[in-house]
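Undergrad:
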Amino acid sequence: EAGVAQSPRYKIIEKRQSVAFWCNPISGHATLYWYQQILGQGPKLLIQFQNNGVVDDSQLPKDRFSAERLKGVDSTLKIQPAKLEDSAVYLCASSLTSDRYTGELFFGEGSRLTVL
Amino acid sequence: AQSVTQLGSHVSVSEGALVLLRCNYSSSVPPYLFWYVQYPNQGLQLLLKYTTGATLVKGINGFEAEFKKSETSFHLTKPSAHMSDAAEYFCAVTGFGAGRRALTFGSGTRLQVQP
Numbered sequence: 001e002a003g004v005a006q007s008p009r010y011k012i013i014e015k016r017q018s019v020a021f022w023c024n025p026i027s028g029h030a031t032l033y034w035y036q037q038i039l040g041q042g043p044k045l046l047i048q049f050q051n052n053g054v055v056d057d058s059q060l061p062k063d064r065f066s067a068e069r070l071k072g073v074d075s076t077l078k079i080q081p082a083k084l085e086d087s088a089v090y091l092c093a094s095s096l097t098s099d100r101y102t103g104e105l106f107f108g109e110g111s112r113l114t115v116l
Numbered sequence: 001a002q003s004v005t006q007l008g009s010h011v012s013v014s015e016g017a018l019v020l021l022r023c024n025y026s027s028s029v030p031p032y033l034f035w036y037v038q039y040p041n042q043g044l045q046l047l048l049k050y051t052t053g054a055t056l057v058k059g060i061n062g063f064e065a066e067f068k069k070s071e072t073s074f075h076l077t078k079p080s081a082h083m084s085d086a087a088e089y090f091c092a093v094t095g096f097g098a099g100r101r102a103l104t105f106g107s108g109t110r111l112q113v114q115p
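Here it is as structure tokens:
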């Protein structure tokens, strides 16, 4: 079974530029998450989708961050304009949504963003 | 609301010694508890999880954890550390019936294993 795919793995940009990250979840996983992991900290949820609907985006800085999951499969997270404090690893995860739900998330390898 | 506190951002042990990583949680509903491991430049990998049933759960690579409701704890242990255990470990919580809310993670504990 293929895992969660993310790209790009690494990205370096200047502040005020824009960047986009892509995620393809495990086949059949209806729920998709974007987490931000700043160096030395635990992952923090940015947004949670179920199919193509947003379940929770309460911690997403909506003035600069946006995310979509138009067809209920892959997803894109965009930052525009980027700030220095956005330097982090952006982790995508997916999970089952069924009667067998246990809360377990399956993570991709992450996209490391450096803002100069 | 849910939260996780991991005591000790860095833990150092000798190879062959006991590993103990501490995690305390707060949850307004019966918790589901998880330990994930993260190796450098990689995503998070599930070590073990507690949902319901037996409070002592065993995971991969010889790790285990015990859910203690009275202490709101879910500490991770391994009897004998191996060099390959050096990594960052994260405790996480979600709640049964909590609208299938996403996991809330602790700040992590970096485990260093000395030869």
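Chains as they are written, first to last, in our numbering: chain A, 1 to 116; chain B, 1 to 115.
Note that beta-carbon positions come from the ideal geometry of N, C-alpha and C, so glycine has one too.
1. Looking at the structure shown, is asparagine 41/B part of a helix, part of a strand, or coil, going by DSSP?
2. Is the separation between the beta-carbon of proline 25/A and that of valine 55/A shorter than 8 Å?
3. Contact check, glycine 65/B vs leucine 46/B under 8 Å by CB: the rounded distance?
4. Is serine 75/A helix, strand or coil by DSSP?
5. Checking contacts by CB at 8 Å: is glycine 43/B closer than that to chain A?
6. What in chain A is Cβ-close to leucine 103/B, meaning under 7 Å?
7. Which chain B residues sit within Cβ distance under 9 Å of glycine 108/A?
8. Do tyrosine 85/B and valine 19/B have their CB atoms nearer than 8 Å?
9. Please list, in chain order, the chain B residues whose beta carbon lies closer than 9 Å to that of glycine 28/A.
10. Three-state secondary structure (DSSP) at leucine 105/A?
11. Might you give, ordered along the chain, the residues of its own chain that have their beta carbon closer than 6 Å to the beta carbon of glutamine 33/A, omitting 5 neighbours on each side?
12. Report the rounded CA-to-CA distance for leucine 113/B versus serine 66/A, giving the unit in angstroms.
13. Taking C-alpha atoms, which residue in Ala102/B, Lys78/B, Phe74/B, Pro79/B lies nearest to cysteine 91/B?
14. What is the rounded straight-line gap between the Cα of alanine 54/B and the Cα of phenylalanine 67/B?
15. For lysine 15/A versus leucine 60/A, is the C-beta spacing smaller than 8 Å?
TA: Quick answer:
1. Position 41 of the second sequence, counted from the first residue, corresponds to residue 41/B. Three-state DSSP puts asparagine 41/B in coil, outside helix and strand.
2. By 1-based counting over the first sequence, the position of residue 25/A is 25. By 1-based counting over the first sequence, the position of residue 55/A is 55. For proline 25/A and valine 55/A, no; Cβs fall outside 8 Å.
3. On the second sequence, position 65 is the one that residue 65/B refers to. On the second sequence, position 46 is the one that residue 46/B refers to. The sequence given here has alanine at residue 65/B, not glycine. Rounded, the Cβ-Cβ distance is 12 Å, inconsistent with contact.
4. Sequence index remark: in the first sequence, residue 75/A carries index 75 (1-based). Correct three-state label for serine 75/A: strand.
5. The residue labelled residue 43/B in the question sits at position 43 within the second sequence. By this cut-off, glycine 43/B is an interface position.
6. Residue numbering aside, residue 103/B sits at position 103 when the second sequence is read from its first letter. Gly103, Leu105, listed in chain order.
7. As a first step, residue 108/A is located in the first sequence; it is residue number 108 there, counting from the start. Within 9 Å Cβ-Cβ: Gly43.
8. In the second sequence, residue 85/B corresponds to position 85, counting from 1. In the second sequence, residue 19/B corresponds to position 19, counting from 1. Contrary to the premise, residue 85/B reads as aspartate rather than tyrosine in this sequence. Yes, the pair counts as a contact, with Cβ atoms nearer than the cut-off.
9. Within the first sequence, the letter at position 28 stands for residue 28/A. Per Cβ cutoff of 9 Å: no residues; glycine 28/A is ~16 Å from chain B at best.
10. Taking the first residue of the first sequence as 1, we reach residue 105/A at position 105. Coil at leucine 105/A, not helix or strand.
11. For the purposes of this step, residue 33/A is identified with residue 33 of the first sequence, where counting begins at 1. Reading the sequence as shown, one finds tyrosine at residue 33/A and not glutamine. Cβ neighbours of tyrosine 33/A beyond the five flanking positions: Gln48, Ala93.
12. Numbered from 1 along the second sequence, position 113 holds the residue referred to as residue 113/B. Numbered from 1 along the first sequence, position 66 holds the residue referred to as residue 66/A. Residue identity differs from the one stated: residue 113/B is valine in this sequence, not leucine. Straight-line Cα distance between these residues: approximately 40 Å.
13. As a first step, residue 91/B must be located in the second sequence, where it is residue number 91. Nearest C-alpha to cysteine 91/B: Phe74/B.
14. Here residue 54/B refers to the residue found at position 54 when the second sequence is read from its first residue. Here residue 67/B refers to the residue found at position 67 when the second sequence is read from its first residue. Roughly 9 Å separates the two Cα atoms.
15. Along the first sequence, read from residue 1 onward, the residue named residue 15/A stands at position 15. Along the first sequence, read from residue 1 onward, the residue named residue 60/A stands at position 60. No, they are not a contact pair.
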